[in-house]
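Since the structure comes first, as structure tokens, the remarks are kept for the end.
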Amino acid sequence: MQIAIVTLGCDKNTVDSEYFAGLLEKQGAKAVAAALEPGPEDFYDAVLINTCGFIESAKAQSIDTILQWLERKREAAAEGRPMRVFVSGCLSQRYREELAVELPEVDGFLGVGDFERIAQLVAHGQVGGSVNLVRELPETVVRKKTPRKELGTPRPYAYLKIADGCNHNCTFCAIPSFKGRLQSVPRELVLEEARRLLARGARELCLVAQDTSDYGKDLYGKDYGIPHLLADLARLPGDFWIRVHYFYPGGVTEEFLEAFASSPKIVPYLDMPLQHLHPEILRRMKRPHVSVNIERLLNRVRSRVPEVAIRTTFIVGFPTEEREHFGYLLKCVKEYRFERLGAFEYSLEEGTPAADLEPQVPAATRRRRFDRLMRAQAVISEELNRDKIGKTLKVLVEAQLDDDTYVGRTAHDAPEVDGAVIIRAQDGVRVGEFAMVHVTDAETYDLFGEV
145 MQIAIVTLGC DKNTVDSEYF AGLLEKQGAK AVAAALEPGP EDFYDAVLIN
195 TCGFIESAKA QSIDTILQWL ERKREAAAEG RPMRVFVSGC LSQRYREELA
245 VELPEVDGFL GVGDFERIAQ LVAHGQVGGS VNLVRELPET VVRKKTPRKE
295 LGTPRPYAYL KIADGCNHNC TFCAIPSFKG RLQSVPRELV LEEARRLLAR
345 GARELCLVAQ DTSDYGKDLY GKDYGIPHLL ADLARLPGDF WIRVHYFYPG
395 GVTEEFLEAF ASSPKIVPYL DMPLQHLHPE ILRRMKRPHV SVNIERLLNR
445 VRSRVPEVAI RTTFIVGFPT EEREHFGYLL KCVKEYRFER LGAFEYSLEE
495 GTPAADLEPQ VPAATRRRRF DRLMRAQAVI SEELNRDKIG KTLKVLVEAQ
545 LDDDTYVGRT AHDAPEVDGA VIIRAQDGVR VGEFAMVHVT DAETYDLFGE
595 V
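Under our numbering, the first residue of the sequence shown carries the number 145, and numbering increases by one thereafter.
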């Protein structure tokens with residue numbers, strides 16, 4: 145039995161899909177990755193679509209993907225080849241009743257984190273017709289070893305999910321409603337999975353959660369948290385990187401900074417989603433770090449780890465955001481000079497407190513502010529990149545483009561969201577390994593260099 149897995153959304157979904165694949169193969173099925181848009185040649189015994197339900201654009205993409213695979217299911221049936229379509233993940237958890245009514249052709253719905261039941265359902269088809277097995281309350285607990293299989297093209301990095309769920313109550317975000325509260329993965333399971341990923345060939349472990357700074361609080365209180373986990377991961381043998389994602393500013397304690405700076409395996413890269421910088425907008429967002437002095441925090445981090453690259457994300461056009469609020473954000477971005485920055489236009493999500501705030505910012509205004517912010521960051525990014533010309537940097541080689549050209553990333557670039565290094569290597573380099581690259585040129589987001 146061949147089962148295709150379609151993955152939408154964030155890297156935590158990527159991990160979940162690999163858990164699904166591992167469990168399916170343990171039960172005798174063959175799990176493969178499939179594209180969002182099926183072609184006429186795509187046929188599988190079953191297709192599992194792991195959806196995203198975060199913001200409007202992600203929800204629309206998930207629905208469009210489901211509809212395209214249902215059309216492919218109808219085509220396959222007309223060819224005399226029955227194919228089943230299952231939907232899991234955040235969208236089905238968030239809209240567990242509505243989707244079952246609106247999409248009766250889907251063979252089964254399951255929610256978040258339901259690894260064992262979804263593998264049994266898809267692999268053995270122990271259902272008749274369309275069923276809705278989404279739990280009323282989300283379940284994201286991982287308390288035992290779970291098989292995991294890499295899907296798609298092999299890559300030299302892997303996401304290590306250390307927790308799921310969220311204890312915060314940001315007014316713009318619906319994630320706690322369909323992910324539940326923080327559920328940390330026990331440290332022994334995290335370390336065991338890290339060993340397996342490294343043995344599989346990973347040369348970079350990207351730590352992910354809704355908030356990695358909260359790791360361990362639900363299981364261990366103050367006895368074991370992210371600083372302890374970083375230290376334990378860094379003690380694992382081998383030449384590899386550890387990268388910290390989604391770290392909330394309130395978690396930047398002295399204990400964390402000491403651990404963060406303690407090992408060359410922990411790359412000088414910190415992903416801190418700030419969402420805004422104006423104090424009034426942060427209060428209306430109910431951000432958990434609203435009392436943190438961001439300028440002082442950035443200076444602390446940069447003084448302890450001089451080579452650090454700080455990545456952040458901002459929301460523009462949050463309800464009640466006026467011209468002066470955005471102007472303050474833009475001014476601070478130019479002053480603070482974040483090494484990496486992404487932005488989103490505010491998405492109104494039903495059921496969130498921000499959906500009822502007035503006035504809502506018009507779509508055209510949100511787009512203009514987004515464009516201004518990203519243009520300002522592009523100037524900063526190119527200036528910082530050009531400062532790297534003439535330097536020699538350690539690069540993780542990810543793919544070969546042609547006979548003597550490769551692509552990789554520095555410690556300052558996370559996979560999928562940041563820039564790349566285009567490498568010339570006449571004598572070749574090994575994909576999946578590190579190389580020392582002399583930077584010869586730079587663009588806004590990418591570097592160019594020679595081994």
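Even for Gly, the Cβ is constructed at its ideal location relative to N, Cα and C.
6 Å Cβ shell around residue i - same chain, five flanking residues per side excluded
{"i": "residue 286", "result": "329"}
{"i": "residue 416", "result": "391, 393, 456"}
{"i": "residue 190", "result": "147, 228, 266"}
{"i": "residue 276", "result": "244, 253"}
{"i": "residue 505", "result": "461, 465"}
Extent of the continuous beta strand (DSSP E) to which residue i belongs
{"i": "residue 412", "result": "410-415"}
{"i": "residue 386", "result": "385-388"}
{"i": "residue 336", "result": "Taken as a continuous stretch (DSSP letters only), residue 336 belongs to no beta strand (DSSP E), being part of the alpha helix (DSSP H) at 331-344."}
{"i": "residue 543", "result": "536-546"}
{"i": "residue 458", "result": "453-460"}
{"i": "residue 582", "result": "578-586"}
{"i": "residue 592", "result": "591-594"}
{"i": "residue 489", "result": "484-489"}
{"i": "residue 176", "result": "174-177"}
Close Cβ partners of residue i (< 8 Å) along its chain, the five nearest in sequence each way excluded
{"i": "residue 259", "result": "160, 163, 164, 167, 290"}
{"i": "residue 594", "result": "567, 568, 569, 581, 582, 584"}
{"i": "residue 633", "result": "Absent from the model: residue 633. The displayed extent of the chain is 145 to 595, so no value can be given."}
{"i": "residue 345", "result": "298, 300, 576"}
{"i": "residue 423", "result": "434"}
Residue span of the alpha helix (DSSP H) that contains residue i, given as start and end
{"i": "residue 285", "result": "Note, residue 285: premise wrong, no alpha helix (DSSP H); not H, not E."}
{"i": "residue 515", "result": "507-530"}
{"i": "residue 154", "result": "Run containing residue 154: none; DSSP gives neither H nor E here."}
{"i": "residue 429", "result": "423-429"}
{"i": "residue 372", "result": "370-378"}
{"i": "residue 438", "result": "438-448"}
{"i": "residue 350", "result": "That residue, residue 350, is in no alpha helix (DSSP H); its beta strand (DSSP E) goes 348-352."}
{"i": "residue 237", "result": "234-238"}
{"i": "residue 469", "result": "467-480"}
{"i": "residue 205", "result": "200-222"}
{"i": "residue 366", "result": "Neither: residue 366 is in no alpha helix (DSSP H) and is coded neither H nor E."}
{"i": "residue 323", "result": "319-323"}
{"i": "residue 398", "result": "398-404"}
Straight-line gap, residue i to residue j (C-alpha atoms, nearest Å)
{"i": "residue 182", "j": "residue 209", "result": "9 Å"}
{"i": "residue 487", "j": "residue 458", "result": "5 Å"}
{"i": "residue 284", "j": "residue 294", "result": "20 Å"}
{"i": "residue 372", "j": "residue 467", "result": "43 Å"}
{"i": "residue 409", "j": "residue 257", "result": "30 Å"}
{"i": "residue 310", "j": "residue 493", "result": "17 Å"}
{"i": "residue 537", "j": "residue 201", "result": "37 Å"}
{"i": "residue 197", "j": "residue 582", "result": "42 Å"}
{"i": "residue 261", "j": "residue 292", "result": "16 Å"}
{"i": "residue 177", "j": "residue 185", "result": "15 Å"}
{"i": "residue 358", "j": "residue 377", "result": "17 Å"}
{"i": "residue 396", "j": "residue 366", "result": "15 Å"}
{"i": "residue 491", "j": "residue 312", "result": "18 Å"}
{"i": "residue 234", "j": "residue 533", "result": "43 Å"}
{"i": "residue 503", "j": "residue 317", "result": "18 Å"}
{"i": "residue 324", "j": "residue 180", "result": "27 Å"}
{"i": "residue 407", "j": "residue 206", "result": "40 Å"}
{"i": "residue 326", "j": "residue 307", "result": "7 Å"}
{"i": "residue 319", "j": "residue 203", "result": "13 Å"}
{"i": "residue 591", "j": "residue 565", "result": "5 Å"}
{"i": "residue 472", "j": "residue 248", "result": "49 Å"}
{"i": "residue 157", "j": "residue 405", "result": "29 Å"}
{"i": "residue 402", "j": "residue 588", "result": "32 Å"}
{"i": "residue 449", "j": "residue 230", "result": "46 Å"}
Whole-Å CB distance - residue i paired with residue j, under 8 Å assumed
{"i": "residue 352", "j": "residue 389", "result": "5 Å"}
{"i": "residue 428", "j": "residue 509", "result": "Their Cβ separation, rounded to whole angstroms, is 17 Å, which puts residue 428 and residue 509 out of contact at 8 Å."}
{"i": "residue 386", "j": "residue 418", "result": "The pair is not a contact, with the Cβ atoms about 22 Å apart (cut-off 8 Å)."}
{"i": "residue 380", "j": "residue 341", "result": "Not confirmed; about 10 Å, so no contact."}
{"i": "residue 236", "j": "residue 192", "result": "Not quite, the Cβ-Cβ distance comes to about 11 Å (not below 8 Å), so this is no contact."}
{"i": "residue 347", "j": "residue 576", "result": "6 Å"}
{"i": "residue 542", "j": "residue 551", "result": "6 Å"}
{"i": "residue 238", "j": "residue 321", "result": "7 Å"}
Proximity test, Cβ basis, 9 Å: residue i and chain D
{"i": "residue 166", "result": "Looking for chain D here will not work: only one protein chain is present."}
Close-in-space but distant-in-sequence residues of the same chain around residue i (CB under 7 Å, 5 per side omitted)
{"i": "residue 446", "result": "452"}
{"i": "residue 431", "result": "314, 419"}
{"i": "residue 425", "result": "462, 465, 469"}
{"i": "residue 363", "result": "328, 330"}
Any non-hydrogen atom of the ligand NAD closer than 8 Å to residue i Cβ
{"i": "residue 253", "result": "By its list of ligands, the structure shown contains no ligand whatsoever, and the ligand NAD lies outside what it can speak to."}
Segment contact, 8 Å Cβ cut-off, at least three pairs: the stretch 541-555 with the stretch 492-511: Not touching, per the Cβ criterion.
- prompt: Is the stretch 295-305 touching the stretch 275-283 in the sense that three or more CB pairs, one from each, lie closer than 8 Å?
  reply: No, they do not touch.
- prompt: Quick check: the stretch 517-535 against the stretch 468-479, are there 3 or more CB pairs under 8 Å?
  reply: These segments touch.
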